[in-house]
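J.:
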Amino acid sequence: MPTRAPRAGSAVGNRRRKTAAQRGYGGRWQRYRLLFLSRHPLCAECERQGRVTEADVVDHIVPHRGDLELFWRPDNHQALCRPCHDAKTARGE
Ligand SMILES: [Zn+2]
């Protein structure tokens, strides 16, 4: 019965981290983000709470989790300030 040699290197080094561009956040997204923020300069979440805060992030209302259709759907985008976006992300939304 032949002994199976462990496949060297198969476990290590395969899980390369994707770059921001590979996740969809490439130049096209950067341009879109600037355009979106110029049209929606205020944080939507702060606005709901009666605060006026400059938005810094284009957030996906429904997490896209790599789904490009969801990623680019305009009605899935909202402008958020950094603290609101971080809080939303921390909640797993
Ligand atoms: Zn905010």
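Okay, so the sequence shown: first residue is 3 according to our numbering, each after it adds one.
Even glycine gets a Cβ: it sits at the ideal position worked out from N, Cα and C.
For ligand 1, which residues have a Cβ under 5 Å from at least one heavy atom, in chain order?
T.: Counting every residue whose Cβ lies closer than 5 Å to a heavy atom of ligand 1, we get Cys45, Glu47, Cys48, Thr55, Cys83 and Cys86.
J.: Confirm, please, whether the CB-CB distance from Ala23 to Leu39 is below 8 Å.
T.: No, the Cβ-Cβ distance between Leu39 and Ala23 is not below 8 Å.
J.: Who are the Cβ neighbours of His66 in its own chain at under 8 Å, not counting the five residues just before and after it?
T.: The residues are Gly26, Leu72, Phe73 and Asn78.
J.: Just verifying my parser: in three-state terms, what is the DSSP assignment at Ala81?
T.: Residue state, collapsed to three classes: strand.
J.: With 16 as the cutoff for other CB atoms within 10 Å, does Thr91 come out buried or exposed?
T.: Classification for Thr91: exposed.
J.: Between the C-alpha atoms of Ala81 and Arg18, what's the straight-line distance to the nearest angstrom?
T.: Between Ala81 and Arg18, the C-alpha separation is close to 30 Å.
J.: Name the residue from Val59, Gly52, Thr55 and Ile63 whose alpha carbon lies nearest to the alpha carbon of Arg33.
T.: Measuring from the Cα of Arg33, the nearest candidate turns out to be Val59.
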